[in-house]
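Engineer: 18 is the number that numbering that gives the first Met the number 0 gives to position 19 of the sequence shown; each next residue is one higher, with no gaps.
One structure is given below, represented as structure tokens, and several questions about it will come after.
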Amino acid sequence: MTKVYRVGKDVTTPEPVPKDYSAVLVSTCDRTKPVKSDMKLVVDPTGFPQDVSVDQSTDPDVAQLLLQWMAAVKFKPALRDGNPIAAGISDRIEVGICYAKETDQVGNPITRLHLNSAPIHKISPWKDAPPEIQFFVSGNDSQSDTASKPAQNDAAVEYIAKGITPPIPVYTVDPHYSEEGRKKHIQGECMVQVIVDAQGIIQNARIVKPLGYGLDEMAIEAVKSYRFKPARKDGKPVPVYITIAINFRLR
0 MTKVYRVGKD VTTPEPVPKD YSAVLVSTCD RTKPVKSDMK LVVDPTGFPQ
50 DVSVDQSTDP DVAQLLLQWM AAVKFKPALR DGNPIAAGIS DRIEVGICYA
100 KETDQVGNPI TRLHLNSAPI HKISPWKDAP PEIQFFVSGN DSQSDTASKP
150 AQNDAAVEYI AKGITPPIPV YTVDPHYSEE GRKKHIQGEC MVQVIVDAQG
200 IIQNARIVKP LGYGLDEMAI EAVKSYRFKP ARKDGKPVPV YITIAINFRL
250 R
């Protein structure tokens, strides 16, 4: 477990690394909507968000988009005595949302949500941040207190945006219940950020919205078995970030 510090006198505030959003912003929309949403998260010592949650008053579709976007944001981590540490923050996001009428893989009409403007961060301390957190990473069947980066080469991985066909699941499995989760009758949703590579295989799965009680590990194990038809850009398969919701329900 890794200690989570509170931003304050001896702990610096994590800052988002400036990013060029021009490639992912969509301006051809059927309608747009300005959104303000409070997100809570822990920025790990490598600068990546963990334990991300969205204000419950946020529209579910918008919340899903924000979770997917936030999972790929890089921060300058908090510092204490000059050393990077994990810190809990509240991040009030202001962003424009584009609602675009598109078609799915078989030609059915759907509405997809995209970013319409670059998000604006307003960061403050997260007063109720967890005192410690476990970071999870797939790929070597291990759990580590040192968070991993989402990709070894971030520049090679795309974000779902206009001009990129999303990956299509061709094989999924239901997650197993952990013994502790079943005994305590825990139900809910766990969010896992992954890279679907150009072969449709899951890489670098990591928890971005934990459920606890051993269920996060079960979600990681399930997601690692998924297979996809890869995303495509200009007709060629490309690796992309996606966020997968894993639901745990007792029957």
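All C-beta atoms, glycine included, are put in the ideal place defined by N, C-alpha and C.
#1: Given that a residue counts as buried once 16 or more other Cβ atoms are within 10 Å of its Cβ, and exposed if not, what is TYR240?
#2: Should the region 203-215 be regarded as contacting the region 158-172, the criterion being three or more beta carbon pairs within less than 8 Å?
#3: According to DSSP, is ALA244 part of a helix, a strand, or is it coil?
#4: Are VAL195 and ALA160 touching if we call contact CB-CB under 8 Å?
#5: Taking DSSP's pairing of strands, which residues face ARG251 in a bridge?
#6: Going by CA-CA distance only, name the one from TYR225, SER123, MET69, ARG181 that's closest to PRO258.
#7: How big is the Cα-Cα spacing for ASP43 and ARG30?
#8: Between which two residues does the alpha helix (DSSP H) holding LYS180 run?
#9: So, ALA85 versus TYR20, is the Cβ gap smaller than 8 Å?
#10: Just how far apart, CA to CA, sit GLN55 and GLU188?
#11: Grab me the residues of GLU93's own chain with a C-beta within less than 8 Å of its C-beta, minus the 5 sequence neighbours each way, in chain order.
#12: From the DSSP output, in three-state form, read off GLN67 for me.
#13: Per DSSP, SER89 forms a beta bridge with which residues?
#14: Go through its chain and collect everything with a Cβ distance to ASN152's Cβ below 8 Å, but skip five positions before and after it.
#15: Consult DSSP for CYS28 and reduce its assignment to one of helix, strand or coil.
#16: Once the 5 residues before and after CYS28 are set aside, which same chain residues still bring their CB inside 8 Å of it?
#17: Looking at PRO209 and ASP50, is the spacing between their C-beta atoms short of 8 Å?
#18: Considering only residues of the same chain and omitting the five flanking positions on each side of LYS75, which have a CB-CB separation below 7 Å?
#19: Excluding five sequence neighbours on each side, which residues of the same chain lie with their C-beta closer than 7 Å to the C-beta of VAL53?
#20: Taking LYS126 as the reference, give the member of GLY7, MET0, ARG248 with the closest Cα.
#21: Out of ASP103, LEU249, PRO124, which has the shortest C-alpha to C-alpha gap to ARG91?
#22: Return helix, strand or coil for GLN217, following the three-state DSSP convention.
Structural biologist: Result, derived from the coordinates:
#1: Under this definition TYR240 is a buried residue.
#2: Flag = no, the region 203-215 and the region 158-172 do not touch.
#3: Strand.
#4: Against a cut-off of 8 Å, the Cβ pair of ALA160 and VAL195 comes out as no contact.
#5: Absent from the structure is residue 251, since the part of the chain shown begins at 0 and ends at 250.
#6: This structure cannot settle anything about residue 258, because the visible part of the chain is limited to 0 through 250.
#7: So the alpha carbons of these two residues sit roughly 36 Å apart.
#8: It should be noted that the sequence gives Gly, not Lys, for residue 180. Where GLY180 is concerned, the enclosing alpha helix (DSSP H) starts and stops at 178-182.
#9: In this structure, TYR20 does not lie closer than 8 Å to ALA85 by Cβ.
#10: Between the alpha carbons of GLN55 and GLU188 lies a distance of about 13 Å.
#11: So the qualifying residues of the chain are PRO33, VAL34, LYS35, PRO118, ILE119, LYS121.
#12: If DSSP states are grouped into helix, strand and coil, GLN67 belongs with the helices.
#13: Partner(s): LYS39, SER123.
#14: With a pLDDT of 49 at ASN152, under the threshold of 50, the predicted position of this residue should be treated as unreliable, and no value is reported.
#15: DSSP places CYS28 in coil when its eight states are reduced to three.
#16: Scanning its chain for C-beta atoms nearer than 8 Å, with the 5 sequence neighbours on each side dropped, one finds around CYS28 the residues CYS97, TYR98, ALA99, HIS113, ASN115, in chain order.
#17: Yes. Within cutoff.
#18: Non-local beta-carbon contacts of LYS75 in its own chain, meaning distances under 7 Å to residues more than five positions away in sequence, involve PRO13, GLU14, VAL16, GLY46 in chain order.
#19: If you ignore the 5 residues before and after VAL53, its C-beta comes within less than 7 Å of the C-beta of SER36, MET38, ALA62, LEU65, LEU66, all in its own chain and listed in chain order.
#20: Comparing alpha-carbon positions, the option among GLY7, MET0, ARG248 lying closest to LYS126 turns out to be GLY7.
#21: Here the closest residue by C-alpha is PRO124.
#22: First, the residue type needs correcting, since residue 217 is Met and not Gln in the sequence shown. DSSP, reduced to helix, strand and coil, places MET217 within a helical segment of the structure shown.
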